[in-house]
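Read in the numbering used here, the sequence shown has 359 at position 328, and its numbers run on one by one without any break.
Yeah, the Cβ is synthetic: ideal placement off N, Cα and C, and Gly gets one too.
Bear in mind that the values here come from a model prediction, so they are computed numbers and not experimental data.
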Amino acid sequence: MKRTLIAILIVCATLFSACKQKKEKYYTPREITVSADVPQTKLHLERMDLECFGVRDIVAVDSMIVVFTRDNQAMIQVFDYSGQPIAKLSPSGRAGNEFLRVRYTDQNTVIDGDRYLYVESDNRYYLYNLSGSISNGANLRPIKLLDLPDDMDPTINHSTLFRPDGSYFQYKGVSQSYDTIPPSAYTFNPDGSISMKGYQLPETEYYPPQYSLVKADGTTVKYDIFPRLPQLQQPDFSGNLYYTQTRMSDDGTRVVAVSVLDRMTFINLESGDVFGVRGPDFVDYAKFANNDKYFLQTVSGVMQVVTCGDYIFVLYNHNTVQEEEDEATVNTTIRVFTWDGSFVAELIPDAPIVNFIIDNKTLRLFAFDWDEQFYTIPFQAVINSLP
(Lines of atoms letter the chains of each structure in order from A and count residues from 1; the text may use other names and numbers.)
(Lines give C-alpha, C1' and ligand atoms only; values in the text may rest on other atoms or scores of the structure.)
Protein backbone atom coordinates (compact mmCIF):
# COMPACT_ATOMS: atom_id res chain seq x y z
CA MET A 1 0.00 0.00 0.00
CA LYS A 2 2.84 2.35 0.92
CA ARG A 3 4.62 1.67 -2.40
CA THR A 4 1.36 2.26 -4.26
CA LEU A 5 0.89 5.61 -2.50
CA ILE A 6 4.46 6.64 -3.29
CA ALA A 7 3.94 5.68 -6.95
CA ILE A 8 0.76 7.75 -7.10
CA LEU A 9 2.54 10.73 -5.56
CA ILE A 10 5.36 10.42 -8.09
CA VAL A 11 2.87 10.30 -10.98
CA CYS A 12 1.00 13.34 -9.61
CA ALA A 13 4.24 15.27 -9.19
CA THR A 14 5.25 14.41 -12.75
CA LEU A 15 1.89 15.52 -14.13
CA PHE A 16 2.04 18.75 -12.11
CA SER A 17 5.53 19.44 -13.41
CA ALA A 18 4.42 18.75 -16.99
CA CYS A 19 1.40 21.03 -16.61
CA LYS A 20 3.59 23.76 -15.16
CA GLN A 21 6.05 23.45 -18.03
CA LYS A 22 3.20 23.50 -20.53
CA LYS A 23 1.79 26.63 -18.90
CA GLU A 24 5.10 28.38 -19.37
CA LYS A 25 5.10 27.76 -23.11
CA TYR A 26 4.59 30.80 -25.31
CA TYR A 27 4.54 28.83 -28.54
CA THR A 28 3.14 25.33 -28.93
CA PRO A 29 3.91 23.77 -32.34
CA ARG A 30 7.21 22.00 -32.92
CA GLU A 31 9.79 24.44 -34.16
CA ILE A 32 13.33 24.67 -35.50
CA THR A 33 15.91 27.46 -35.63
CA VAL A 34 17.48 27.71 -39.07
CA SER A 35 21.15 28.36 -39.73
CA ALA A 36 22.36 31.65 -41.21
CA ASP A 37 24.81 29.76 -43.43
CA VAL A 38 23.06 30.15 -46.79
CA PRO A 39 24.22 31.36 -50.23
CA GLN A 40 24.10 35.14 -50.65
CA THR A 41 23.37 36.89 -53.94
CA LYS A 42 23.70 40.61 -54.64
CA LEU A 43 20.80 42.29 -56.47
CA HIS A 44 21.45 45.33 -58.63
CA LEU A 45 18.16 47.24 -58.72
CA GLU A 46 17.36 49.60 -61.61
CA ARG A 47 15.78 52.94 -60.70
CA MET A 48 12.40 53.64 -62.27
CA ASP A 49 11.05 56.95 -63.47
CA LEU A 50 7.74 56.56 -61.63
CA GLU A 51 6.26 59.40 -59.60
CA CYS A 52 3.76 58.59 -56.89
CA PHE A 53 3.43 60.09 -53.43
CA GLY A 54 2.09 58.76 -50.15
CA VAL A 55 2.85 55.17 -51.16
CA ARG A 56 1.49 52.48 -48.84
CA ASP A 57 1.73 49.26 -50.86
CA ILE A 58 2.30 47.96 -54.39
CA VAL A 59 0.91 45.16 -56.51
CA ALA A 60 2.29 43.90 -59.84
CA VAL A 61 -0.20 42.09 -62.10
CA ASP A 62 -0.88 41.90 -65.84
CA SER A 63 2.18 44.04 -66.67
CA MET A 64 0.81 46.82 -64.46
CA ILE A 65 2.04 48.33 -61.21
CA VAL A 66 -0.82 49.12 -58.85
CA VAL A 67 0.06 51.51 -56.03
CA PHE A 68 -2.10 51.94 -52.93
CA THR A 69 -1.55 55.46 -51.61
CA ARG A 70 -2.55 57.93 -48.91
CA ASP A 71 -3.78 60.34 -51.58
CA ASN A 72 -7.48 60.87 -50.83
CA GLN A 73 -8.01 62.00 -54.42
CA ALA A 74 -6.68 58.72 -55.86
CA MET A 75 -6.03 55.97 -53.31
CA ILE A 76 -5.38 53.44 -56.11
CA GLN A 77 -3.02 54.49 -58.91
CA VAL A 78 -2.02 52.32 -61.87
CA PHE A 79 1.15 52.51 -63.99
CA ASP A 80 2.68 50.45 -66.77
CA TYR A 81 6.06 48.76 -66.38
CA SER A 82 7.85 51.83 -67.69
CA GLY A 83 6.29 53.98 -64.96
CA GLN A 84 3.79 55.80 -67.19
CA PRO A 85 0.38 56.45 -65.56
CA ILE A 86 -2.60 54.37 -66.71
CA ALA A 87 -5.33 55.36 -64.26
CA LYS A 88 -6.03 57.20 -61.01
CA LEU A 89 -8.87 55.53 -59.14
CA SER A 90 -10.72 55.39 -55.86
CA PRO A 91 -11.09 58.87 -54.38
CA SER A 92 -12.02 58.66 -50.72
CA GLY A 93 -15.79 58.81 -50.26
CA ARG A 94 -18.96 57.20 -48.98
CA ALA A 95 -20.74 56.33 -52.23
CA GLY A 96 -21.50 52.70 -53.06
CA ASN A 97 -18.47 52.42 -55.32
CA GLU A 98 -16.10 54.24 -52.94
CA PHE A 99 -14.01 53.55 -49.84
CA LEU A 100 -13.11 55.97 -47.07
CA ARG A 101 -9.78 54.14 -46.92
CA VAL A 102 -8.62 50.95 -48.56
CA ARG A 103 -5.74 48.49 -48.35
CA TYR A 104 -4.62 45.54 -50.44
CA THR A 105 -4.80 42.17 -48.65
CA ASP A 106 -2.15 40.36 -50.71
CA GLN A 107 -4.48 38.30 -52.87
CA ASN A 108 -5.83 38.76 -56.38
CA THR A 109 -7.67 36.63 -58.89
CA VAL A 110 -9.21 36.58 -62.38
CA ILE A 111 -13.00 36.30 -62.83
CA ASP A 112 -14.51 36.18 -66.34
CA GLY A 113 -11.30 37.67 -67.76
CA ASP A 114 -11.16 40.63 -65.35
CA ARG A 115 -8.47 41.10 -62.71
CA TYR A 116 -9.87 41.45 -59.19
CA LEU A 117 -7.98 42.53 -56.06
CA TYR A 118 -8.95 41.46 -52.55
CA VAL A 119 -9.10 44.62 -50.44
CA GLU A 120 -10.16 45.62 -46.94
CA SER A 121 -11.90 48.80 -45.83
CA ASP A 122 -13.24 49.59 -42.36
CA ASN A 123 -13.42 45.95 -41.24
CA ARG A 124 -15.07 44.77 -44.46
CA TYR A 125 -13.46 42.63 -47.16
CA TYR A 126 -14.26 43.14 -50.84
CA LEU A 127 -13.40 41.99 -54.34
CA TYR A 128 -12.38 45.07 -56.33
CA ASN A 129 -12.63 44.83 -60.14
CA LEU A 130 -9.37 46.46 -61.21
CA SER A 131 -9.74 45.78 -64.95
CA GLY A 132 -13.34 47.02 -65.07
CA SER A 133 -12.52 50.13 -63.02
CA ILE A 134 -9.66 51.04 -65.36
CA SER A 135 -11.95 50.65 -68.40
CA ASN A 136 -14.71 52.61 -66.66
CA GLY A 137 -12.37 55.38 -65.55
CA ALA A 138 -13.77 55.07 -62.01
CA ASN A 139 -14.41 52.40 -59.41
CA LEU A 140 -16.99 49.79 -60.22
CA ARG A 141 -19.04 48.84 -57.19
CA PRO A 142 -16.96 46.30 -55.20
CA ILE A 143 -18.30 42.88 -54.21
CA LYS A 144 -18.60 42.58 -50.43
CA LEU A 145 -17.24 39.27 -49.14
CA LEU A 146 -17.15 39.51 -45.38
CA ASP A 147 -18.06 41.78 -42.47
CA LEU A 148 -15.91 41.57 -39.37
CA PRO A 149 -17.72 41.79 -36.00
CA ASP A 150 -18.96 45.25 -35.06
CA ASP A 151 -16.91 45.16 -31.85
CA MET A 152 -13.70 44.33 -33.70
CA ASP A 153 -11.12 46.96 -32.78
CA PRO A 154 -9.85 48.38 -36.11
CA THR A 155 -6.43 48.98 -34.55
CA ILE A 156 -5.87 45.22 -34.02
CA ASN A 157 -3.51 43.60 -36.49
CA HIS A 158 -5.72 41.22 -38.50
CA SER A 159 -5.99 39.57 -41.89
CA THR A 160 -8.29 37.28 -43.84
CA LEU A 161 -7.17 35.07 -46.73
CA PHE A 162 -9.81 33.56 -49.02
CA ARG A 163 -9.71 30.07 -50.59
CA PRO A 164 -11.31 28.90 -53.84
CA ASP A 165 -13.69 26.54 -51.99
CA GLY A 166 -15.42 29.38 -50.13
CA SER A 167 -13.55 28.92 -46.86
CA TYR A 168 -11.15 31.50 -45.46
CA PHE A 169 -8.23 31.67 -43.05
CA GLN A 170 -8.44 34.40 -40.43
CA TYR A 171 -5.78 35.89 -38.17
CA LYS A 172 -6.54 38.23 -35.29
CA GLY A 173 -3.69 39.83 -33.37
CA VAL A 174 -3.33 40.58 -29.67
CA SER A 175 -6.56 42.03 -28.26
CA GLN A 176 -7.47 43.53 -24.92
CA SER A 177 -10.42 43.80 -22.58
CA TYR A 178 -12.53 46.95 -22.57
CA ASP A 179 -14.43 47.58 -19.35
CA THR A 180 -17.43 49.86 -19.22
CA ILE A 181 -18.02 51.99 -16.13
CA PRO A 182 -21.20 50.96 -14.28
CA PRO A 183 -23.71 53.74 -13.51
CA SER A 184 -23.27 53.06 -9.79
CA ALA A 185 -19.68 54.34 -9.99
CA TYR A 186 -20.78 57.88 -10.79
CA THR A 187 -21.49 60.48 -8.11
CA PHE A 188 -23.61 63.50 -9.04
CA ASN A 189 -22.44 66.51 -7.08
CA PRO A 190 -24.68 69.46 -5.97
CA ASP A 191 -22.91 71.78 -8.38
CA GLY A 192 -23.89 69.55 -11.30
CA SER A 193 -20.47 68.00 -11.80
CA ILE A 194 -19.85 64.26 -11.93
CA SER A 195 -17.10 62.38 -10.11
CA MET A 196 -16.09 58.75 -9.59
CA LYS A 197 -14.82 58.73 -6.04
CA GLY A 198 -13.51 55.39 -4.86
CA TYR A 199 -13.95 53.61 -8.21
CA GLN A 200 -11.05 52.10 -10.08
CA LEU A 201 -11.24 50.42 -13.47
CA PRO A 202 -10.14 46.77 -13.52
CA GLU A 203 -6.68 46.06 -14.88
CA THR A 204 -6.67 45.61 -18.65
CA GLU A 205 -6.28 42.00 -19.80
CA TYR A 206 -4.42 41.10 -23.00
CA TYR A 207 -5.36 38.03 -25.04
CA PRO A 208 -3.10 35.97 -27.36
CA PRO A 209 -3.41 36.06 -31.17
CA GLN A 210 -5.98 33.79 -32.81
CA TYR A 211 -5.58 31.66 -35.94
CA SER A 212 -8.56 29.89 -37.49
CA LEU A 213 -9.97 28.37 -40.66
CA VAL A 214 -13.65 29.15 -41.27
CA LYS A 215 -15.07 26.53 -43.62
CA ALA A 216 -17.72 27.14 -46.25
CA ASP A 217 -20.36 25.50 -44.03
CA GLY A 218 -19.57 27.91 -41.17
CA THR A 219 -17.66 25.48 -38.95
CA THR A 220 -14.37 26.75 -37.54
CA VAL A 221 -11.03 25.06 -36.95
CA LYS A 222 -8.83 26.87 -34.43
CA TYR A 223 -5.05 26.54 -34.20
CA ASP A 224 -3.55 26.78 -30.70
CA ILE A 225 -0.29 28.48 -31.66
CA PHE A 226 0.27 31.08 -28.92
CA PRO A 227 -1.51 29.74 -25.83
CA ARG A 228 -0.42 32.63 -23.61
CA LEU A 229 1.53 35.90 -23.65
CA PRO A 230 4.69 36.77 -21.72
CA GLN A 231 4.08 38.85 -18.61
CA LEU A 232 5.51 42.07 -20.00
CA GLN A 233 6.33 45.10 -17.90
CA GLN A 234 4.61 47.09 -20.65
CA PRO A 235 1.78 44.73 -21.67
CA ASP A 236 0.35 47.17 -24.21
CA PHE A 237 3.52 46.58 -26.25
CA SER A 238 2.45 43.00 -26.96
CA GLY A 239 0.43 44.10 -30.01
CA ASN A 240 3.62 45.30 -31.71
CA LEU A 241 5.60 42.33 -30.45
CA TYR A 242 3.24 39.86 -32.13
CA TYR A 243 2.57 41.91 -35.28
CA THR A 244 2.15 39.29 -38.00
CA GLN A 245 1.78 39.12 -41.78
CA THR A 246 -0.06 36.14 -43.26
CA ARG A 247 0.27 34.76 -46.79
CA MET A 248 -1.33 31.81 -48.60
CA SER A 249 0.21 29.40 -51.10
CA ASP A 250 -0.94 29.62 -54.72
CA ASP A 251 -3.10 26.49 -54.39
CA GLY A 252 -4.74 27.69 -51.15
CA THR A 253 -3.63 24.66 -49.13
CA ARG A 254 -1.03 26.31 -46.87
CA VAL A 255 -0.58 29.51 -44.89
CA VAL A 256 2.55 31.09 -43.49
CA ALA A 257 2.29 33.62 -40.65
CA VAL A 258 5.44 35.70 -40.18
CA SER A 259 5.88 37.79 -37.04
CA VAL A 260 7.92 40.96 -37.02
CA LEU A 261 10.56 39.35 -34.80
CA ASP A 262 11.40 36.62 -37.27
CA ARG A 263 9.22 33.68 -36.27
CA MET A 264 7.39 31.87 -39.05
CA THR A 265 4.43 29.57 -38.49
CA PHE A 266 3.46 27.16 -41.26
CA ILE A 267 -0.09 25.78 -41.30
CA ASN A 268 -1.29 23.04 -43.63
CA LEU A 269 -5.01 23.76 -44.01
CA GLU A 270 -5.67 20.29 -45.44
CA SER A 271 -3.92 18.08 -42.86
CA GLY A 272 -3.97 20.50 -39.91
CA ASP A 273 -0.21 20.13 -39.42
CA VAL A 274 1.48 23.16 -37.81
CA PHE A 275 5.18 23.84 -37.29
CA GLY A 276 7.36 26.83 -36.52
CA VAL A 277 10.62 28.20 -37.90
CA ARG A 278 12.82 30.73 -36.13
CA GLY A 279 15.25 32.78 -38.16
CA PRO A 280 18.94 33.17 -37.29
CA ASP A 281 18.28 36.58 -35.69
CA PHE A 282 15.29 35.33 -33.72
CA VAL A 283 14.51 37.16 -30.49
CA ASP A 284 12.78 35.15 -27.77
CA TYR A 285 9.53 36.83 -26.77
CA ALA A 286 10.02 35.80 -23.15
CA LYS A 287 13.10 38.05 -22.89
CA PHE A 288 10.81 41.06 -23.07
CA ALA A 289 9.21 40.08 -19.77
CA ASN A 290 11.99 41.34 -17.52
CA ASN A 291 13.30 44.33 -19.46
CA ASP A 292 10.85 46.93 -20.75
CA LYS A 293 13.60 48.52 -22.88
CA TYR A 294 14.83 45.28 -24.38
CA PHE A 295 12.99 45.93 -27.65
CA LEU A 296 15.36 48.83 -28.42
CA GLN A 297 18.21 46.33 -28.63
CA THR A 298 16.43 43.97 -31.01
CA VAL A 299 16.44 44.08 -34.79
CA SER A 300 13.57 45.87 -36.49
CA GLY A 301 12.84 42.60 -38.26
CA VAL A 302 10.33 41.65 -40.92
CA MET A 303 8.98 44.44 -43.14
CA GLN A 304 7.31 42.54 -46.00
CA VAL A 305 6.47 38.96 -46.99
CA VAL A 306 5.96 37.91 -50.63
CA THR A 307 5.11 34.45 -51.94
CA CYS A 308 5.95 33.30 -55.46
CA GLY A 309 5.51 29.67 -56.46
CA ASP A 310 7.62 27.41 -54.27
CA TYR A 311 9.26 30.26 -52.37
CA ILE A 312 8.56 32.75 -49.58
CA PHE A 313 10.54 36.01 -49.72
CA VAL A 314 10.93 37.91 -46.44
CA LEU A 315 12.23 41.50 -46.47
CA TYR A 316 14.23 41.81 -43.27
CA ASN A 317 15.64 44.97 -41.66
CA HIS A 318 18.82 44.16 -39.74
CA ASN A 319 19.01 47.52 -37.95
CA THR A 320 18.00 47.61 -34.31
CA VAL A 321 14.89 49.44 -33.19
CA GLN A 322 17.14 52.02 -31.53
CA GLU A 323 18.95 52.64 -34.82
CA GLU A 324 15.62 53.14 -36.56
CA GLU A 325 14.55 55.61 -33.89
CA ASP A 326 17.83 57.41 -34.54
CA GLU A 327 16.76 57.58 -38.24
CA ALA A 328 19.49 55.28 -39.53
CA THR A 329 19.12 54.10 -43.14
CA VAL A 330 17.40 50.73 -43.30
CA ASN A 331 19.68 47.72 -43.73
CA THR A 332 17.47 45.27 -45.59
CA THR A 333 18.01 41.89 -47.21
CA ILE A 334 15.52 39.44 -48.69
CA ARG A 335 15.52 36.03 -47.04
CA VAL A 336 14.23 33.14 -49.12
CA PHE A 337 12.38 30.18 -47.59
CA THR A 338 10.58 27.19 -49.06
CA TRP A 339 7.14 25.99 -47.94
CA ASP A 340 8.75 23.20 -45.91
CA GLY A 341 10.46 25.86 -43.77
CA SER A 342 13.96 25.62 -45.27
CA PHE A 343 16.05 28.82 -45.35
CA VAL A 344 17.73 28.52 -48.76
CA ALA A 345 19.20 31.91 -49.76
CA GLU A 346 19.64 35.55 -48.87
CA LEU A 347 19.39 38.31 -51.48
CA ILE A 348 21.22 41.59 -50.88
CA PRO A 349 19.72 44.56 -52.77
CA ASP A 350 21.95 47.56 -53.48
CA ALA A 351 19.17 50.01 -52.51
CA PRO A 352 17.52 50.59 -49.09
CA ILE A 353 14.13 49.18 -50.08
CA VAL A 354 11.29 49.02 -47.55
CA ASN A 355 8.66 47.19 -49.61
CA PHE A 356 8.59 45.02 -52.72
CA ILE A 357 6.45 42.70 -54.85
CA ILE A 358 7.05 40.05 -57.51
CA ASP A 359 4.79 39.68 -60.53
CA ASN A 360 4.08 35.94 -60.46
CA LYS A 361 3.53 35.80 -64.22
CA THR A 362 6.31 37.96 -65.66
CA LEU A 363 8.66 37.30 -62.72
CA ARG A 364 9.75 40.90 -62.38
CA LEU A 365 10.45 42.47 -58.98
CA PHE A 366 9.36 46.01 -58.07
CA ALA A 367 10.31 47.87 -54.90
CA PHE A 368 10.43 51.30 -53.31
CA ASP A 369 12.32 53.04 -50.49
CA TRP A 370 11.33 55.56 -47.79
CA ASP A 371 11.91 58.41 -50.27
CA GLU A 372 9.35 56.80 -52.63
CA GLN A 373 11.97 56.06 -55.24
CA PHE A 374 10.92 53.01 -57.25
CA TYR A 375 13.16 50.17 -58.43
CA THR A 376 12.84 47.08 -60.60
CA ILE A 377 14.78 44.02 -61.73
CA PRO A 378 14.06 40.96 -63.91
CA PHE A 379 13.72 38.14 -61.40
CA GLN A 380 13.49 34.94 -63.47
CA ALA A 381 17.24 34.24 -63.32
CA VAL A 382 17.27 34.75 -59.55
CA ILE A 383 14.43 32.25 -59.05
CA ASN A 384 16.11 29.76 -61.40
CA SER A 385 19.28 29.93 -59.28
CA LEU A 386 17.47 29.03 -56.04
CA PRO A 387 17.68 25.47 -54.67
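State the DSSP-derived secondary structure class of residue i, mapped to helix, strand or coil.
i: VAL256; result: Sequence check: residue 256 is Ile here, not Val. Coil, per DSSP.
i: LYS175; result: strand
i: ASN160; result: strand
i: ASN139; result: strand
i: GLY307; result: strand
i: VAL243; result: Here the sequence assigns Ser to residue 243, which means Val is not the residue at that position. Looking at SER243 - three-state DSSP - the assignment turns out to be strand.
i: GLN108; result: strand
i: ILE63; result: strand
i: LYS54; result: Bear in mind that the predicted position of LYS54 carries a pLDDT of just 49, short of 50, making it unreliable; the figure below should be weighed with that in mind. Of the three classes helix, strand and coil, the one that applies to LYS54 here is helix, per DSSP.
i: PHE410; result: coil
i: ALA126; result: coil
i: PHE84; result: coil
i: MET79; result: coil
i: SER215; result: helix
i: ASP145; result: strand
i: PRO266; result: helix
i: ASN167; result: helix
i: LEU120; result: strand
i: LEU272; result: helix
i: ASN103; result: coil
i: ASN296; result: Checking the sequence shown, residue 296 turns out to be Thr, not Asn. DSSP places THR296 in strand when its eight states are reduced to three.
i: SER284; result: In the sequence as displayed, the identity of residue 284 is Thr instead of Ser. Three-state result, THR284: coil.
i: LEU192; result: strand
i: GLU234; result: coil
i: THR277; result: strand
i: GLN115; result: coil
i: LEU74; result: strand
Leaving out five residues before and five after residue i in sequence, what residues of the same chain have Cβ atoms less than 7 Å from its Cβ?
i: ASP400; result: ALA382, PRO383, ILE384, VAL385
i: ASN188; result: GLY204, GLY270, TYR274, THR275
i: LYS53; result: With a pLDDT of only 45 at LYS53, under the threshold of 50, the placement of this residue in the model should not be trusted, and no figure is reported.
i: PRO233; result: ASP210
i: SER198; result: LEU244, VAL245, LYS246, ALA247
i: GLN411; result: LEU394
i: PRO195; result: GLY283
i: SER280; result: THR338, TRP370
Taking 6 Å as the limit between beta carbons, can you name the residues of its chain near residue i, skipping five residues before and five after?
i: ALA67; result: PRO311
i: PHE200; result: LEU192, LEU244, VAL286
i: GLY114; result: MET79, ASP80, LEU81
i: ASN391; result: CYS339
i: ASP88; result: PHE99, TYR135
i: THR140; result: TYR147
With residue i and residue j assumed to form a contact (beta carbons below 8 Å), what rounded beta-carbon distance in angstroms separates them?
i: PRO239; j: PRO258; result: 7 Å
i: LEU120; j: ALA105; result: 6 Å
i: ASP341; j: THR369; result: 6 Å
i: LEU161; j: ARG172; result: Going by Cβ atoms, the distance from LEU161 to ARG172 rounds to 13 Å, so no, they are not a contact pair.
i: SER206; j: ASP184; result: 7 Å
i: THR72; j: ILE379; result: 7 Å
i: VAL305; j: PRO60; result: 4 Å
i: ASN170; j: GLU129; result: 6 Å
i: MET95; j: PHE84; result: So it is not a contact: roughly 19 Å between Cβ atoms.
i: VAL336; j: PHE387; result: That pair is no contact at about 10 Å.
i: LEU74; j: ILE408; result: 6 Å
Just to confirm, are residue i and residue j a CB contact at a threshold of 7 Å?
i: TYR159; j: LEU148; result: yes
i: PHE11; j: ILE365; result: Residue 11 lies beyond the stretch modelled for the chain, which goes from 32 to 418, so this question has no answer here.
i: VAL289; j: VAL361; result: no
i: GLU151; j: GLY307; result: no
i: LEU76; j: TYR347; result: no
i: GLN108; j: VAL92; result: no
i: VAL69; j: PHE374; result: yes
i: TYR157; j: VAL90; result: no
i: TYR217; j: TYR242; result: no
i: ALA118; j: ILE165; result: yes
i: THR1; j: SER215; result: No statement about residue 1 is possible, as the shown extent of the chain runs from 32 to 418 and does not include it.
i: VAL367; j: ALA359; result: no
i: TYR237; j: PRO266; result: yes
i: THR251; j: SER190; result: no
Considering only residues of the same chain and omitting the five flanking positions on each side of residue i, which have a CB-CB separation below 8 Å?
i: TYR57; result: PHE257, PRO258, ARG259, LEU260, PRO261, TYR316, ALA317
i: PHE313; result: THR64, LEU292, ASP293, ARG294
i: THR351; result: LEU327, GLN328, THR329, VAL330, SER331
i: LEU131; result: SER123, GLY124, ARG125, SER152, ASP153
i: GLN353; result: LEU327, GLN328
i: ASN167; result: none
i: SER302; result: none
i: GLU356; result: LEU327
i: GLN231; result: none
Self-check item: Unbroken stretches of the beta strand (DSSP E), 3 residues or longer, contained in the segment 313-369
Solution: Complete beta strand (DSSP E) runs here, min 3: 330-339, 342-351, 363-369.
Quiz item: Curious, which full-length alpha helix (DSSP H) runs of at least 4 residues does the segment 371-417 contain?
Solution: Here the runs fully enclosed are 411-416.
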